[in-house]
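In this note's numbering, the protein residues as written are 121 to 665.
Each remark here refers to the structure printed beneath this line.
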């Protein structure tokens with residue numbers, strides 16, 4: 121009798137459980153997606169996507185105006201959720217980060233090799249291993265201070281390049297960003313004045329990356345079935361592009377890694393992220409397994425990509441801000457003159473005494489965010505959020521441009537106003553530019569250090585203004601870059617030293633820190649580099665072939 125009662129109880133419990141699960145699932149299915157434009161049968165919102173060349177953030181901003189702070193589109197069954205609300209972004213990506221920390225694995229992303237970068241990996245054991253490796257080397261403010269000497273020298277050399285050749289300011293910013301990260305990551309010294317082949321290779325990889333990370337911009341991401349079609353079939357040209365871009369990416373990771381390893385073998389290396397990890401894993405005469413070699417190689421690669429892109433884009437944003445806002449430039453220079461004087465350049469230790477200059481750095485981050493649509497997050501499970509359904513696998517798009525231009529948070533957001541971060545206003549610094557939660561950039565402290573030194577020193581010795589033609593300032597409209605990563609496109613400008621005394625201060629680096637020569641000769645004799653160059657000249661898609 122007791123056994124029968126127990127059996128009855130179990131049956132009832134199972135029935136309740138099944139009913140609850142069914143009812144809960146039914147209730148979730150009945151919940152709507154966030155609002156958005158009405159789509160076509162099967163195809164969905166295939167007509168409701170940005171036109172080629174149109175900045176994504178500008179297009180998706182129109183959804184906010186029509187449908188509110190949370191909206192969505194679905195194309196061929198793929199749903200994107202757009203968040204134009206600070207609280208909602210924080211709630212989803214910070215407080216619910218276990219459900220939203222992953223990245224979507226887009227077909228073209230993986231075909232072109234970029235899926236090996238930490239910033240676009242799914243949230244899994246490999247991601248955690250890679251992230252731990254970087255964090256142990258530079259993931260805290262204290263650890264980042266070990267690289268101050270590199271940042272100090274290269275920021276001074278940037279000033280020297282700008283003084284000697286003021287017409288190529290944007291290229292000098294790229295060279296500085298690349299030089300810092302290459303030295304920090306591989307112990308590699310780039311060319312001082314001439315184009316550096318390794319820098320040029322990695323910059324091409326970054327340009328390609330900006331086009332790879334835009335969701336649904338490649339047909340194979342919308343229609344995976346075309347990956348089974350023969351290569352001669354129309355619509356499969358993406359394969360050749362993917363092979364070529366993968367080869368460039370492979371070369372950009374292999375060549376500097378091999379350079380560091382060879383320098384270590386010869387005993388002539390400079391301490392770097394890569395050399396420290398190789399030494400650590402080879403301690404006690406051990407051999408490094410292939411998994412660890414790949415981890416070192418690809419964490420170093422993403423450090424270069426993320427570090428160079430963030431710093432260069434923000435420094436160019438700073439140039440734009442100063443050209444368009446001479447009053448801000450003057451006020452920042454007055455603070456430097458009052459606190460530092462004109463006999464030396466600002467140092468990292470001066471940052472806390474230069475709050476307005478720090479505000480200039482923050483405005484450069486805020487007004488022209490490097491990733492205006494953030495980086496895509498993927499829902500790891502079905503999520504019920506504010507009465508809407510976010511289905512498992514949906515792409516969550518934090519609209520960072522709006523986040524940083526929301527008048528509820530930033531008064532008069534279109535104005536370049538470093539004073540907004542100072543008391544009594546104390547508006548929040550735009551640190552979300554470095555990511556959220558479990559995906560926050562582990563190299564952000566190094567990037568912030570580079571930005572402060574470069575921007576404060578440029579303000580200390582140069583005056584930037586609009587270019588003058590026929591005696592009149594040249595007006596222009598700032599333009600955005602194409603792709604998922606943004607920076608101001610080149611614009612007319614003038615940059616001159618504030619005085620001859622300031623010019624002499626810049627030239628002092630040639631005496632205080634003479635250039636040690638470049639590492640180009642070492643990689644040009646490298647078999648991998650020679651094979652890569654030969655494959656480029658021959659039009660071969662894979663230099664490893």
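Glycine residues also receive a C-beta, built at the ideal position from the N, C-alpha and C atoms.
Because the structure is a prediction, the values reported are computed rather than measured.
- Relative to residue 503, the option among 215, 450, 205, 611 whose CA is nearest is 215.
- The alpha helix (DSSP H) runs of length 4 or more contained entirely in the stretch 578-638 are, from start to end of the chain, 620-627, 629-632.
- Taking C-alpha positions only, residue 346 is separated from residue 301 by approximately 39 Å.
- Counting along the chain, residue 478 sits inside the alpha helix (DSSP H) bounded by residues 475-487.
- Sequence-distant partners of residue 274 (beyond 5 residues in either direction) whose C-beta falls short of 6 Å from its own C-beta, in its chain, are 296, 299, 300.
- Here residue 402 has 408 as same chain residues with Cβ atoms under 8 Å from its own Cβ, once five neighbours each way along the sequence are excluded.
- By the neighbour-count criterion, in which 16 or more other beta carbons inside 10 Å mark a residue as buried, residue 464 falls on the exposed side.
- The DSSP-derived three-state label of residue 340 is helix.
- Residue range 245-258 is occupied by the alpha helix (DSSP H) that includes residue 245.
- Beta-bridge partners of residue 503 (DSSP): 510.
- In the three-state reduction of the DSSP assignment, residue 357 falls in the coil class.
- According to DSSP, residue 164 shares a beta bridge with 160, 195.
- Comparing alpha carbon positions, the residue from 162, 195, 203, 163 closest to residue 180 is 203.
- Here the alpha carbon of residue 483 sits roughly 17 Å from the alpha carbon of residue 584.
- Taken atom to atom, the span from the alpha-carbon of residue 419 to that of residue 362 is near 21 Å.
- Excluding sequence positions up to five before and after residue 239, its CB lies within less than 7 Å of the CB of 422, 426, 495, all in the same chain and listed in chain order.
- Just measuring C-alpha positions, the residue of 514, 154, 461, 337 sitting nearest residue 174 is 337.
- By the CB criterion at 8 Å, residue 294 and residue 569 fall outside the cutoff.
- In the DSSP assignment, residue 322 falls outside any beta strand (DSSP E) and within the unbroken alpha helix (DSSP H) covering 317-332.
- A residue is called buried when at least 16 other Cβ atoms come within 10 angstroms of its Cβ; residue 278 meets this threshold and is buried.
- With a beta-carbon spacing of about 29 Å, residue 329 and residue 615 fall beyond the 8 Å limit used to define contacts.
- Residue 497 is bridged by DSSP to 516.
- Residue 222 has 498 as its beta-bridge partners, per DSSP.
- Residue 301 sits in a helix when the DSSP states are folded into three classes.
- With contacts defined as CB atoms closer than 8 Å, residue 643 and residue 331 fail to qualify as a contacting pair.
- Counting the other CB atoms within 10 Å of its CB gives residue 244 a total below 16, which places it among the exposed residues.
- A residue is called buried once 16 or more other Cβ atoms fall within 10 Å of its Cβ, and residue 352, having fewer, is exposed.
- Fewer than three beta-carbon pairs drawn from the stretch 462-477 and the stretch 366-379 are found closer than 8 Å, and the two stretches are therefore not classed as touching.
- Out of 399, 513, 289, 433, the CA that lies nearest to the CA of residue 501 is found in 513.
- Classified as buried, residue 452 has 16 or more neighbouring CB atoms from the shown chains inside 10 Å of its CB.
- Per the C-alpha coordinates, the member of 220, 231, 334, 324 positioned closest to residue 171 is 334.
- Cβ atoms of residue 509 and residue 258 stay farther apart than 8 Å, at about 40 Å.
- When 213, 155, 205, 217 are compared, the shortest CA-CA separation from residue 187 is found for 155.
- Taken atom to atom, the span from the alpha-carbon of residue 195 to that of residue 438 is near 37 Å.
- Secondary structure note for residue 427: its alpha helix (DSSP H) is the uninterrupted segment 410-444.
- Where residue 280 is concerned, the enclosing alpha helix (DSSP H) starts and stops at 268-284.
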